[in-house]
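Here the structure is laid out as structure tokens; the discussion comes afterwards.
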Amino acid sequence: MPEIAVKAASADGGAGRAPSEAQPHARTWMAWPSTPSVYGGPGVYYESVQETLGRLAAAIADNEPVAMAAPADQHALAAELCGPKVELVDIATDDMWMRDSGPVFVRDANGSVAAIDFRFNGWGDKQAHATDAGVAAGVTRHLGVKRHLAAIRGEGGGIEYDGDGTLLLAESCWVNENRNPGMSRAEIEGHLKSILGVETVIWVPGVRAKDITDGHIDGSLRFVKPGLLIASSVPGDTSEWGEAQAQALAILAKARDARGRGLEVVSIPAATEVRSTSDDFLTSYANYYVGNGALYTPQFGDSKADALARETLGRLHPERRIVQLDMDRIYENGGGIHCVTQQQPL
Numbered sequence: 047m048p049e050i051a052v053k054a055a056s057a058d059g060g061a062g063r064a065p066s067e068a069q070p071h072a073r074t075w076m077a078w079p080s081t082p083s084v085y086g087g088p089g090v091y092y093e094s095v096q097e098t099l100g101r102l103a104a105a106i107a108d109n110e111p112v113a114m115a116a117p118a119d120q121h122a123l124a125a126e127l128c129g130p131k132v133e134l135v136d137i138a139t140d141d142m143w144m145r146d147s148g149p150v151f152v153r154d155a156n157g158s159v160a161a162i163d164f165r166f167n168g169w170g171d172k173q174a175h176a177t178d179a180g181v182a183a184g185v186t187r188h189l190g191v192k193r194h195l196a197a198i199r200g201e202g203g204g205i206e207y208d209g210d211g212t213l214l215l216a217e218s219c220w221v222n223e224n225r226n227p228g229m230s231r232a233e234i235e236g237h238l239k240s241i242l243g244v245e246t247v248i249w250v251p252g253v254r255a256k257d258i259t260d261g262h263i264d265g266s267l268r269f270v271k272p273g274l275l276i277a278s279s280v281p282g283d284t285s286e287w288g289e290a291q292a293q294a295l296a297i298l299a300k301a302r303d304a305r306g307r308g309l310e311v312v313s314i315p316a317a318t319e320v321r322s323t324s325d326d327f328l329t330s331y332a333n334y335y336v337g338n339g340a341l342y343t344p345q346f347g348d349s350k351a352d353a354l355a356r357e358t359l360g361r362l363h364p365e366r367r368i369v370q371l372d373m374d375r376i377y378e379n380g381g382g383i384h385c386v387t388q389q390q391p392l
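Under my numbering, the first residue of the sequence shown is numbered 47, with each subsequent residue one higher.
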């Protein structure tokens with residue numbers, strides 16, 4: 047299928063509209079971590095990351111099809127760790143962050159699915175990404191769908207949309223010289239409105255240069271449905287992260303979405319007692335994944351926080367089974383369940 051460069055920022059010049067994650071999936075896409083140097087070289091730790099990702103893939107595959115992008119020489123190991131329900135697709139990968147390296151799917155006016163390639167550059171050239179830069183193209187070639195090459199750079203973890211015309215963004219990772227040099231916020235917003243089919247963009251400040259992503263939105267704020275969000279919270283947090291989240295909540299309290307609704311925000315406290323000692327460990331429960339019939343969320347070993355997160359997510363998503371998993375090897379690398387998954391809509 048053709049590659050289409052998306053340059054126009056007009057509402058009628060875009061690729062389609064991105065459905066919400068809660069809408070039915072054709073499958074979940076994931077990426078196999080194939081480059082040991084990303085994890086300090088071959089060894090027990092690297093193997094444990096692969097084992098953890100395999101368990102997640104197997105859990106999701108109990109409820110919907112899962113396609114794992116992996117180079118051919120990794121298929122035997124991936125099949126062993128993921129189980130027989132996971133489809134292995136011969137696509138070269140460096141790392142496991144499919145949400146960022148892979149495509150963002152949209153549906154056009156005719157109902158056809160297409161894909162946006164945000165031209166992954168290793169979160170602003172912070173990590174080697176020569177192979178991961180081709181993952182989005184590999185997925186779209188495999189599916190035979192149109193690939194729209196975005197005029198701006200970014201990642202799927204940097205966007206949060208409600209499927210009803212509203213997009214939530216952190217300025218820290220989009221209006222950034224390491225992705226979009228010389229571009230204004232208004233220019234970036236125009237492109238995103240066009241290619242994702244949204245009418246309203248709500249910007250929050252985010253946090254720049256404190257993690258590899260420059261403050262991806264999907265670790266802190268998520269849409270449950272139009273008009274309702276979940277926010278990760280750390281009571282009394284006076285760090286730069288805490289201050290940025292407080293500013294975001296103040297913005298959301300005054301914001302209106304594309305349909306004129308005010309926004310309700312439900313807070314879920316982050317875990318404070320975790321098994322890992324990694325400085326990069328993501329303690330947020332907001333980085334969950336909404337699948338067909340189930341919602342996948344971390345179990346950190348903080349019994350009180352784990353239970354509260356499970357109860358809150360179950361109350362907000364009553365139509366889905368809540369699946370809590372020990373995903374420490376993923377979360378201690380700064381990302382989470384949402385970061386390693388990407389939904390392909392029906």
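Backbone N, C-alpha and C fix where the C-beta goes; we use that ideal spot for every residue, glycine too.
Remember, predicted model here, so these are calculated numbers, not experimental data.
If you look at residue 293, you'll find it in the alpha helix (DSSP H) that goes 286-300. The Cβ neighbour count for residue 225, taken over all protein chains shown within 10 Å, is at least 16; the residue is labelled buried. For residue 389, the number of other beta carbons within 10 angstroms of its own is at least 16, and it is reported as buried. Residue 361 counts as exposed, since fewer than 16 other beta carbons sit within 10 angstroms of its beta carbon. Under the three-state reduction of DSSP, residue 173 is assigned to coil, being neither helix nor strand. Beta-bridge partners assigned by DSSP to residue 214: 206 and 248. 9 Å or more divides the Cβ of residue 313 from the Cβ of residue 353.
In the structure shown, residue 110 falls within a coil segment according to DSSP collapsed to helix, strand and coil. By the Cβ neighbour-count rule, residue 284 is exposed, with fewer than 16 other Cβ atoms within 10 Å of its own.
Looking at the DSSP output, residue 271 bridges to 274. Boundaries of the beta strand (DSSP E) harbouring residue 134: 132-136, taken from the DSSP string. Going by beta carbons, residue 111 and residue 72 fall inside the 9 Å limit. The beta carbons of residue 179 and residue 166 sit about 5 Å from each other, so the pair counts as a contact at 8 Å.
Straight-line spacing of the CA atoms in residue 248 and residue 66 works out to 16 Å. Setting aside the 5 residues that flank it on each side, residue 365 has no residue in the same chain whose C-beta is closer than 6 Å to its C-beta.
Counting of Cβ neighbours within 10 angstroms places residue 367 among the exposed residues, the total staying below 16. Ranking 148, 241, 199 and 252 by CA distance to the CA of residue 227 puts 199 first.
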